[in-house]
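The letter at position 178 of the sequence shown is residue 178 when you use the UniProt record's numbering, and the numbering goes up by one with no holes.
Idealized CB from N, CA, C, for every residue including glycine.
Inspection log for the structure reproduced underneath, given as structure tokens.
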Amino acid sequence: MTNSADQKVERRLAAILAADVVAYSSLMGRDDEGTLARIKSLRHDLIEPKLAEHRGRVFKTTGDGLLAEFSSPVEAVRCAVELQGSLTADPSQMLQLRIGINLGDVMIEPDGDIYGDGVNVAARLEQLADPGGICVSAKVYEEVRDKLRYTYDDRGEHQVKNIARPLRVYSLSLHGKPPRTNDTFSKGSHRPAVTVLPFVNMSGDPTQQYFADGLTEDVVTALLRVSGTVVVSGASRIGRPQSEHRTPRANPTFLLEGSVRRSGNRARATTQLTSPSGEVLWSDKYDFELNDVFAVQDELARSITAALKIKVEEHEHHHALTKPPTNLDAYDYCLRGRQLGRSFHRSDRLRARNLFLSAIEADPEYARGYIELAWLDIRRLKWGEASDPDAALARALDAATTATTLDPNDADCHWMLGLIHLWKRDHAKSIACYERARTISPNHPDLLADMCDMLGYAGRPEEAIEVGKMAVRLNPNPPDWYLWDIGAGYYLLGDYNEAMHYLQRIAQPGPAYRLIAATYARLGRPDDARQAGAELLKINPEFSISRYAAQAPYANQEDLDRYLTGLRMAGLPE
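Shown next, in the form of structure tokens:
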């Protein structure tokens, strides 16, 4: 009899594909049965047929992912590209994948399972991929670059967990566009870059380094899901002396750094964001208990990411305003136009439209310009100003469809499609698009706040309020419209006191005077209701209850009736 320990291990060279569902935990938290059903359908209807077509074999599955073996790296990459292309082509598909592919030596178990660094590297590559993206190792790149004519982006070397040597990473551009760049202000990149340095362990206990390193990795992963941002990981410095963490930046980026101090079951994390010029833009501290280390890391990463997104956008907007008009690019035009586009004054929004058209003229393949154009028409609908709603919707849909074709992995594109389907009264399709956007960018406070508004119209006010409050947690200094949307949810529930609690905090109500007037009327305060109605008519003299009733996209007639009754009680014109 041969001792099992003496049996020769079977080894072979194989291409390993690792795939994982993006934001699996948050999807399960919102709808576990629905998420599992969608994953099962995805595997049966798309993944398994594609693997069979390209002669791939699944050797391991998890709740949110799988590992597959191919004899050819070319077939592995072809399979990955077709999978991602099929998912992108279906705007109602709520699931997204990250895919990593490696070519390496592996060990084969008698039951067909596969182990070794070849597998581990594929799993790490998958974690580095963008939502809807594909990352491959240098070995795979060398094998396929002359055989498959995709655009490959060299993302440099990464030091990843449990792999001794730095890993050279390449990502694929699936739509024939130039690859992303890590140069913050290079022409055509249109995206600010953020370098995340390893969080420093200030506990005086080297055994606590794992927590600081884990937080760094979670923040990088969370930032990768933020639309419009390039993330430059400083993870290669993890494990090096802290004196090496700060090095001169050849290509200046925003810099996020922080520290963690742990004492018993309590800990404090501090963070600081500096601009490319070295100006401190934001700093904060977070105190927490360590009952669940991984949950704490996730929550910290969400909070830090949301705050960072807001501060980077504020800085970029100010930077664009200070540029001379002769030196503007598409990104600058959009930043200048965005604030004007949110104004309640029509002359400002006309100026915004011209700036967005200039952005498209400067770069016809910049999706943001089309998204912002669509926003202008949607705001006219939301604020009751569109004299021809069908024409406004048609323009918005045309712009949003173009944007989604140009950048299908931008959460804002799917968000905009969701808004348009809402105003077309296709609530199921609207919800699917919002969920797709949320999967891409789960920590996007503006998206969550607007999802609150959509869910209210869709007849789900309890969910609307929950999502709206989540947005406020991510952005503790919310703009007025967050408060408007949450107040609307409470109004639909008939909780007028709680609705007014949010509405009275709005600094510049503008069109929100409509809801304020109805709420005052419901609270038995007719004088305040009439005053709010008068303010509404000052900014929108053409407002009428009948026009609003014809345009408002409520799924349930009783919700619309509740609102219209409040408006009539406030004395607004029929």
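Measuring CB to CB, does V200 end up less than 7 angstroms from S283?
-> no
Can the beta-carbon of V472 be found closer than 7 angstroms to that of C452?
-> no
Residue of N120, R11, D130 and A518 minimising C-alpha distance to R98 = D130
With L448 as the anchor, note down where its alpha helix (DSSP H) starts and where it stops.
-> P445 to Y457
So which of L17, Q272 and G278 has the shortest CA-CA distance to K285?
-> Q272
Buried or exposed by the 16-neighbour rule on C-beta atoms within 10 Å, applied to H44 | exposed
Reducing DSSP to helix, strand and coil, say where Y366 ends up.
-> coil
Quick one, which of M94, D205, A52 and Y115 has its alpha-carbon nearest A80's?
-> A52
Can you tell me which of D64, L290 and L167 puts its alpha carbon nearest to the alpha carbon of G156?
-> L167
Give the single residue among A518, D32, A458 and L290 whose Cα lies nearest to the Cα of D64.
-> D32
Check whether the segment 433-450 touches the segment 543-556, counting contact only when three or more Cβ pairs, one atom from each stretch, lie closer than 8 angstroms.
-> no
Assess, as a yes-or-no matter, whether the segment 111-121 is touched by the segment 9-27 under the definition of 3 or more beta carbon pairs within less than 8 angstroms.
-> yes
Opening and closing residue of the beta strand (DSSP E) in which V119 lies | That residue, V119, is in no beta strand (DSSP E); its alpha helix (DSSP H) goes D117 to L128.
Quick one: grab the DSSP three-state call for Y170.
-> strand
DSSP beta-bridge partners of A269 = V260 and Y286
In terms of alpha-carbon separation, which member of Y496, N540 and T519 lies closest to L567?
-> T519
Quickly, what does DSSP pair I16 with across the bridge? List them, please.
-> E69 and N102
Please list, in chain order, all residues of the same chain as I440 whose beta carbon is under 6 angstroms from its beta carbon, the five residues on each side excluded.
-> P131 and A411
Just how far apart, CA to CA, sit A428 and D561?
-> 22 angstroms
Taking all protein chains shown into account, do 16 or more other C-beta atoms lie within 10 angstroms of the C-beta of D146, making it buried, or fewer, making it exposed?
-> exposed
What residue range is occupied by the uninterrupted alpha helix (DSSP H) comprising K50?
-> E48 to E53
Cβ atoms of Y434 and G418: under 7 angstroms apart, would you say?
-> yes
Which residue's Cα is closest to the Cα of V22: R38, P389, R11 and V9?
-> R38
Beta carbon proximity, Q127 to chain D, threshold 7 angstroms = As a matter of chain content, chain D is missing from the structure shown, which is built from one protein chain.
At a cut of 8 angstroms, does the segment 470-490 reach the segment 522-533 through at least three beta carbon pairs?
-> no
Which residue's Cα is closest to the Cα of V106: G524, A386, R12 and P573?
-> R12
Beta-carbon proximity check, I420 vs A400, cutoff 7 angstroms | yes
Integer-rounded CB distance, given that A458 should sit under 8 angstroms from A521 | About 25 angstroms; that fails the 8 angstroms criterion.
What span of residues does the alpha helix (DSSP H) with V472 cover, start to end?
-> P461 to L474
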